[in-house]
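Structure first, commentary second.
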Amino acid sequence: MASISWKTTWVFYILLSLLRLVSPVDAACECGYSVNSTSDPQHAVFTDLLESDFTKIKNFQDDTDWQPQVWELDPKAALGPYGRATRLESIIPNPAVNISVNSRGIYGGHSGLNLLVPKDYTVIKGEKYLIGAELDSTRNDMFYGTFRIGYRTTKWAGTCFGFYWYHDDKQEIDTELLSREINMTHTLLNLVLHTQVGGSNLEALPGTFEVAALPYNSSAEIHELRFDWTPQAITWYHDGQQVWTISNTTLFPQEAGHLVITHWSNGDPLWSGGPPEGNAALLLTYVKAYFNSSDLKRKEDHEVRCEAVGGIDDGGSGNDKVCEIPAQMGPPMYDGVAPQDLPYFFSNDLSRNATVNQTVYEDTKKKTNGNKMGGGSGTGNSAWGPAAQVSCFLWILFLVIMPMFTGSSFGQMMLS
Ligand SMILES: *[C@@H]1O[C@H](CO)[C@@H](O)[C@H](O)[C@H]1NC(C)=O
Ligand SMILES: *[C@@H]1O[C@H](CO)[C@@H](O)[C@H](O)[C@H]1NC(C)=O
Ligand SMILES: *[C@@H]1O[C@H](CO)[C@@H](O)[C@H](O)[C@H]1NC(C)=O
Ligand SMILES: *[C@@H]1O[C@H](CO)[C@@H](O)[C@H](O)[C@H]1NC(C)=O
Ligand SMILES: *[C@@H]1O[C@H](CO)[C@@H](O)[C@H](O)[C@H]1NC(C)=O
Ligand SMILES: *[C@@H]1O[C@H](CO)[C@@H](O)[C@H](O)[C@H]1NC(C)=O
Ligand SMILES: *[C@@H]1O[C@H](CO)[C@@H](O)[C@H](O)[C@H]1NC(C)=O
Ligand SMILES: *[C@@H]1O[C@H](CO)[C@@H](O)[C@H](O)[C@H]1NC(C)=O
-5 MASISWKTTW
5 VFYILLSLLR
15 LVSPVDAACE
25 CGYSVNSTSD
35 PQHAVFTDLL
45 ESDFTKIKNF
55 QDDTDWQPQV
65 WELDPKAALG
75 PYGRATRLES
85 IIPNPAVNIS
95 VNSRGIYGGH
105 SGLNLLVPKD
115 YTVIKGEKYL
125 IGAELDSTRN
135 DMFYGTFRIG
145 YRTTKWAGTC
155 FGFYWYHDDK
165 QEIDTELLSR
175 EINMTHTLLN
185 LVLHTQVGGS
195 NLEALPGTFE
205 VAALPYNSSA
215 EIHELRFDWT
225 PQAITWYHDG
235 QQVWTISNTT
245 LFPQEAGHLV
255 ITHWSNGDPL
265 WSGGPPEGNA
275 ALLLTYVKAY
285 FNSSDLKRKE
295 DHEVRCEAVG
305 GIDDGGSGND
315 KVCEIPAQMG
325 PPMYDGVAPQ
335 DLPYFFSNDL
345 SRNATVNQTV
355 YEDTKKKTNG
365 NKMGGGSGTG
375 NSAWGPAAQV
385 SCFLWILFLV
395 IMPMFTGSSF
405 GQMMLS
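For the sequence shown, the working numbering assigns the number -5 to the initial residue and increments by one for each residue that follows.
What follows is the structure in structure tokens.
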């Protein structure tokens, strides 16, 4: 009797295992991603995900989550002795040889995406310009979210690194780091909430501008800059430590927007400083954004996906319909850590199947994670217009034509 049930159990177990081999992995996180556990009275749930692991990106055009920008502001418009221009050539991927072994990129140095401000000016139509780079998220429907970037600034004084959420000049959650404001022991972070109620871009209202001193040289290693925007608060973090928070909600943005990453200089001694004395590369290792969408189609999709597994609220039975986003405490580590201790990405954790119907850059190649959304996901009001189209064309030109002339030595040359 005992032996029969033992055998039955084993047959059943083996059958089950075989079944698992052919059946799809259960999904997870259908109801979203949370800051803090949902059992914590203070938590926030976000429905959508945008994760870019820049240590793995070889060809930037594969990452349809970002639109590299190409534009020019003449010296007068740029408010500096120099004009500002962004170029695709200033966006230089340096993917890891093997990130589970160490951080080294194929061009040497730390792997990641470099945004370069060359030390030499460029003459355009008879005027001097400093070249930089800008990436805008394709998604333009972000309304509330937690936005995180792994970065290492340039050691060359004279550039500005901006990481911000943007609707327009009066609805913007801004973080700017000036490389001239880095010394051996400290880095200053300029935090600004651009608001609807008075105060222009340059003269922020009291209570909407803060300069935080971080106790390290941010060009020495990778750190994580983060800001969370919920209905209750806008809070900036650095390496998981809270830096500043605004809770006067009358000042908060009212419309959806997108993410921007910039690295630039216009030679203005009062802000960016520069030109930098060396080719100044800002290194980015990732962006992770978890946010709510203003797009009706996306909202509906979340509702259907979440309802199908019983809804967002089921009395905290410990299921994984809402997944807690791991908090990055301390600097993100790449060397001398086990692969499971590298920065976490739901979209890299394929066995968990935690990004069904989310945007995942690998989808264009692998199609393993459900539907890739089209650019902009029908959110209307593209903030980029002709510039984005020009940029797209130049991008193709750059990727297809340029390598014929320069090969891989281009990145090496610029990063050395
Ligand atoms: C992930 O889950 C979705 C939804 O349940 C399913 O359709 C898909 O096949 C799963 N993917 C894998 C790789 O198992
Ligand atoms: C998460 O928890 C921390 C610590 O309790 C709190 O300061 C923070 O506001 C919480 N975040 C959210 C989005 O509720
Ligand atoms: C990376 O290194 C690990 C550990 O040595 C190895 O198992 C893996 O196959 C390597 N991956 C690639 C793509 O070479
Ligand atoms: C910060 O650290 C980098 C890398 O170690 C170094 O090159 C640079 O000189 C340091 N910056 C300052 C201002 O000490
Ligand atoms: C470095 O910067 C911090 C923050 O601005 C400042 O308090 C400190 O005095 C500076 N150190 C040196 C050596 O200039
Ligand atoms: C995001 O949207 C979901 C679904 O509508 C909602 O449950 C959640 O509270 C929203 N998050 C925030 C921070 O408002
Ligand atoms: C919030 O900001 C508005 C606009 O500046 C101001 O009028 C109001 O007094 C502020 N509220 C608090 C509680 O500080
Ligand atoms: C994914 O989205 C598509 C269309 O947006 C929808 O038809 C499908 O049911 C969704 N899948 C899941 C698992 O929610």
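C-beta: ideal position from N, C-alpha, C; glycine also. This one's a predicted model, so the numbers in the text were calculated from it and none came from an experiment.
| Item | Value |
| --- | --- |
| Given this structure, state the Cα-to-Cα distance separating Trp389 from Lys119, to the nearest angstrom. | Bear in mind that the predicted position of Trp389 carries a pLDDT of just 33, short of 50, making it unreliable; the figure below should be weighed with that in mind. Trp389 and Lys119: Cα-Cα distance of roughly 22 Å. |
| Take the Cβ of Val335 as the centre, count every other Cβ of all protein chains shown within 10 Å, and call the residue buried at 16 or more, exposed below. | For clarity, residue 335 is Asp in the given sequence; the question names Val instead. The residue in question, Asp335, is exposed, as its Cβ has fewer than 16 Cβ neighbours within 10 Å. |
| For the beta strand (DSSP E) that contains Asp42, what are its first and last residues? | 42 to 47 |
| Can you check DSSP and say which residues form a bridge with Cys154? | Leu172, Trp258 |
| Identify the residues that DSSP records as bridge partners of Ala207: which are they? | Leu182 |
| Does the separation of the CB atoms of Leu277 and His161 fall below 8 Å? | no |
| Along the chain, where does the beta strand (DSSP E) that runs through Glu218 open and close? | 217 to 223 |
| Count the other C-beta atoms from every protein chain shown that fall within 10 angstroms of the C-beta of Lys50, then say buried if there are 16 or more, exposed otherwise. | buried |
| Look up His104 in the DSSP assignment and give the residues it is bridged to. | Arg98 |
| Measuring from each Cβ to the nearest heavy atom of ligand 6, keep the ones under 7 Å and list them in chain order. | Gly26, Ala38, Val39, Phe40, Thr41, Tyr138, Thr224, Pro225, Asn286, Lys293, His296, Ile306 |
| In chain order, what residues place their C-beta within less than 5 Å of a heavy atom belonging to ligand 5? | Asn177, His180, Ala207 |
| Given a cut-off of 8 Å, decide if Gly152 and Pro270 are closer than it, judged by their beta-carbon atoms. | yes |
| So, at 6 Å on beta carbons, what are the nonlocal neighbours of Val415 in its own chain, with the 5 sequence-adjacent residues on each side left out? | Since the displayed the chain opens at -5 and closes at 410, residue 415 lies outside it and no answer follows. |
| Measuring CA to CA, which of Lys291, Thr256, Arg346, Gln322 is closest to Arg78? | Thr256 |
| What is the DSSP secondary structure of Leu388, counted as helix, strand or coil? | Residue placement at Leu388 is poorly supported in this model, since its pLDDT is 32, which falls under 50; the coordinates still yield a value, given next. Helix, per DSSP. |
| Tell whether a beta-carbon distance below 8 Å holds between Phe285 and Tyr138. | yes |
| For the pair the stretch 227 to 239 and the stretch 183 to 190, tell me if three or more CB-CB distances fall below 8 Å. | yes |
| I'd like the span of the beta strand (DSSP E) that includes Val281, first residue to last. | 274 to 287 |
| Do you know how far the Cα of Leu172 is from the Cα of Leu264? | 10 Å |
| Taking the Cβ atom as the reference point for each residue, do Ser31 and Glu318 lie within a distance shorter than 8 Å? | yes |
| What residues sit near ligand 7, counting only those whose C-beta is closer than 5 Å to one of its heavy atoms, in chain order? | Val191, Asn242, Thr244 |
| Sorted by chain position, which residues of the same chain lie with C-beta nearer than 7 Å to Tyr158's C-beta, five sequence neighbours on each side aside? | Glu166, Ile167, Asp168, Thr169, Val254 |
| Who pairs with Ser28 in a beta bridge, going by DSSP? | Val39, Glu318 |
| Hey, how far is the Cα of Gln63 from the Cα of Leu110? | 13 Å |
| To the nearest angstrom, report how far apart Thr148 and Gly99 are at their CA atoms. | 17 Å |
| Below 8 Å on the Cβ atoms is my guess for Glu45 versus Phe246; work out the distance and round it to an integer in Å. | Between Phe246 and Glu45 the Cβ distance is about 25 Å, and since that is not below 8 Å, they are no contact. |
| Using the C-alpha atoms, what's the distance from Asn342 back to Pro69? | 43 Å |
| Tell me the residue span of the beta strand (DSSP E) that contains Asp295. | Not the beta strand (DSSP E): Asp295 falls in the alpha helix (DSSP H), residues 290 to 301. |
| Decide if the stretch 52 to 59 is in contact with the stretch 124 to 133; the criterion is three or more beta carbon pairs, one per stretch, under 8 Å apart. | yes |
| Could you name the residues of the same chain whose beta carbon sits closer than 7 Å to that of Ala348, not counting the 5 residues immediately before and after it, in chain order? | Ala22, Cys23, Cys317, Phe340 |
| At the level of alpha carbons, what is the spacing between Thr244 and Asp329? | 44 Å |
| Is Gly126 near Thr279, with beta carbons less than 8 Å apart? | no |
| Could you tell me the alpha carbon to alpha carbon distance between Ile176 and Ile306, rounded to whole angstroms? | 44 Å |
| Which residue wins for smallest C-alpha separation from Tyr27, given the options Ala38, Tyr123, Val19, Asp20? | Ala38 |
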